[in-house]
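Trainee:
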Amino acid sequence: MSLIKCQNLSRAYGSKMALNNVDLTLEAGHPIALVGPNGAGKTTLFSLLLGYIRPTSGSIEVLGYAPGHPSLRNNIGALPQDAKLDPDFTLEQQLSLFAQLRGMSAKTAKREAARVLSLVQLSDALKQKPTALSHGMSKRVAIAQALIGSPKLILLDEPTAGIDPANARIIRELIAQLSDSTTFIVSSHNLDELERLCDQVVFLEQGALKQQVSIAAGNHASHYYTLQLQQADDQQVQQMLAQQPGVIKVNIAAHHTFVIEYQESATELDLQLLTLCKQQAWPYRLLLNGRSLEDTLFASH
């Protein structure tokens, strides 16, 4: 049984098609990234998975059930991007109440509140109210709420957006720690972070599924180099790089950053590139084996 299965899934808001004939199958396992520009359909897909809205056409299943089925109540959790905490109640009170809504007794719910706060490294804040917390700490509490009951699937919408690096690191480490028993689907614009965290990427654009990339398989890194210079005439450098033996194609990924696709037989291309930089007096910054997730997804755009 697949974790998620969508067949010809569409959702319209009036005349606007938010999702258009999406066919997608996801298996349980390591974290999955959901990416795409604003308006791509990411939030709509999350809302469909949670049963907040229904498809206009097509079908969607989570763990073999239609979203909203009672069997999913304790098997799916979520962090909305705009998650809010009630300023009038302590964290223990709020998390205990949510646990009781999931069917736990008051005594069990109190223990569960302490457990999930421990997971996000906020045990000392159990008796505090949200007004005493930083933005990053509040985000961790909202994630703790999603963890109540140890659901099999957790949807996280921009879990590290707008928070400091220390809190972001704690969240990343938590996702990695729990990924053996819980599958996380993470929606974010931070592709560098997703590349470190996730094994698979689902790319939506204008309501359509554009790509499904396996990072774990190394599809984004095979036979590519990324060359970054401190300054350069990008067009001229691109032309000279493309003329090197074994080079198939050169993309300008960003200012002074070049993604070089090469033939498998070009085993000494890295030395050739470094020699070329020296000969041309290019102010070399770095040379990496592989290419970024951003270039993988947007190279054809």
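Numbering (the UniProt record's numbering) for the sequence shown: 1 to 301.
Each residue gets a CB set at the ideal place from its N, CA and C atoms; glycine is no exception.
Treat the numbers as computed from the prediction; the structure is a model and nothing was measured.
1. Check whether the stretch 70-80 and the stretch 142-157 touch, using three or more Cβ-Cβ pairs below 8 angstroms as the test.
2. Buried or exposed for Asp157, please, with buried defined as at least 16 other CB atoms from any protein chain shown within 10 angstroms of its CB.
3. Could you work out which residue in Gly41, Ser59, Gly36, Thr25 is closest to Tyr13 when comparing CA atoms only?
4. Looking at Ile175: is its Cβ nearer than 7 angstroms to the Cβ of Pro80?
5. For Leu178, which residues of its own chain have a beta-carbon under 8 angstroms away from its beta-carbon, when the five flanking residues on both sides are left out?
6. From Pro130 to Gln93, what distance separates their C-alpha atoms?
7. If we count the other Cβ atoms within 10 Å of its Cβ and call it buried at 16 or more, is Lys16 buried or exposed?
8. Below 8 angstroms CB to CB, which residues in the same chain sit around Tyr262 once its five sequence neighbours on both sides are set aside?
9. Determine the extent of the beta strand (DSSP E) in which Ala18 is found, giving its start and end residues.
10. What's the gap between the Cα of Asn38 and the Cα of Phe46?
11. Should Asp234 and Ile252 be called a contact, given that it needs their Cβ atoms to be closer than 7 angstroms?
12. Which two residues bound the contiguous beta strand (DSSP E) that contains Thr183?
13. Work out the CA separation of Arg111 and Ser138 for me, nearest whole Å.
14. Along the chain, where does the beta strand (DSSP E) that runs through residue 339 open and close?
15. Between Cys198 and Ala28, how many whole angstroms is the CB-CB distance? I'm expecting something under 8 angstroms.
16. In three-state DSSP terms, what is Leu204?
17. Rank Asn190, Gly58, Val62 by C-alpha distance to the C-alpha of Gly51 and give the top, closest one.
18. For Glu173, decide whether its Cβ has a neighbour in chain B, counting only Cβ atoms nearer than 7 angstroms.
19. Can you have a look at Glu173 and say buried or exposed, based on whether 16 or more other CB atoms are within 10 angstroms of its CB?
20. Quick one: what's got a C-beta closer than 7 angstroms to Leu286's C-beta in the same chain, skipping five residues either side?
21. Considering only heavy atoms of the ligand MG, does any lie closer than 6 angstroms to the CB of Arg140?
22. To the nearest angstrom, report how far apart His255 and Leu133 are at their CA atoms.
23. Which residue's Cα is closest to the Cα of Ser57: Leu91, Leu97, Ser10?
24. Should Gln231 go down as buried or exposed, given a rule of 16 or more other Cβ atoms within 10 Å for buried?
25. Could you have a look at Gln228 and say whether DSSP puts it in helix, strand or coil?
26. For Gly68, which residues from the same chain have a beta carbon less than 7 angstroms from its beta carbon, with the 5 sequence-adjacent residues on both sides left out?
27. If we count the other Cβ atoms within 10 Å of its Cβ and call it buried at 16 or more, is Pro55 buried or exposed?
28. Just the C-alpha distance for Lys278 and Tyr284, rounded to the nearest angstrom, thanks.
29. What are the uninterrupted segments assigned as beta strand (DSSP E) that are 3 or more residues long and contained completely in the stretch 108-169, given in chain order?
Mentor: Reading from the atomic positions:
1. Segments in contact, yes.
2. By the neighbour-count definition (other C-beta atoms within 10 Å, threshold 16), Asp157 is a buried residue.
3. The shortest C-alpha separation from Tyr13 is found at Gly41.
4. The answer is no: Cβ separation not under 7 angstroms.
5. Closer than 8 angstroms at the Cβ level, and outside the excluded window around Leu178, lie Leu119, Leu147, Phe184.
6. Approximately 11 angstroms between the Cα atoms of the pair.
7. Here Lys16 is exposed: its Cβ has fewer than 16 other Cβ atoms, across all protein chains shown, within 10 Å.
8. If we look at Tyr262 and ignore the five residues flanking it on each side, its Cβ neighbours are His223, Tyr224, Tyr225, Gly246, Val247, Ile248, Leu269.
9. Run containing Ala18: 16-26, per the beta strand (DSSP E) assignment.
10. Roughly 14 angstroms between the two C-alpha positions.
11. Here Asp234 is near Ile252, since their CB atoms are less than 7 angstroms apart.
12. Its beta strand (DSSP E) spans residues 183-187.
13. Ser138 and Arg111: Cα-Cα distance of roughly 20 angstroms.
14. Since the first residue shown for the chain is 1 and the last is 301, residue 339 is missing from the structure and cannot be characterised.
15. That belief does not hold up - the Cβ atoms of Cys198 and Ala28 are roughly 14 angstroms apart, past 8 angstroms.
16. Under the three-state reduction of DSSP, Leu204 is assigned to strand.
17. Residue Val62 is the option with its Cα nearest to Gly51.
18. The chain inventory of the structure shown lacks chain B, comprising one protein chain alone.
19. Under this definition Glu173 is an exposed residue.
20. So the list reads Gln228, once near-sequence residues are dropped.
21. In terms of ligand content, the structure shown is empty, and the ligand MG therefore cannot be addressed.
22. Distance between the alpha carbons of His255 and Leu133 is about 39 angstroms.
23. Ranked by Cα distance from Ser57, the first of Leu91, Leu97, Ser10 is Ser10.
24. Exposure of Gln231 is indicated by the presence of fewer than 16 other C-beta atoms within 10 angstroms of its C-beta.
25. Three-state result, Gln228: strand.
26. Listed in chain order, the non-local C-beta contacts of Gly68 below 7 angstroms within the same chain comprise Gly51, local neighbours out to five positions each way being set aside.
27. Pro55 comes out buried.
28. The alpha-carbon atoms of Lys278 and Tyr284 are separated by roughly 8 angstroms.
29. With a minimum length of 3 residues, the continuous beta strand (DSSP E) runs that stay inside the stretch 108-169 are 153-157.
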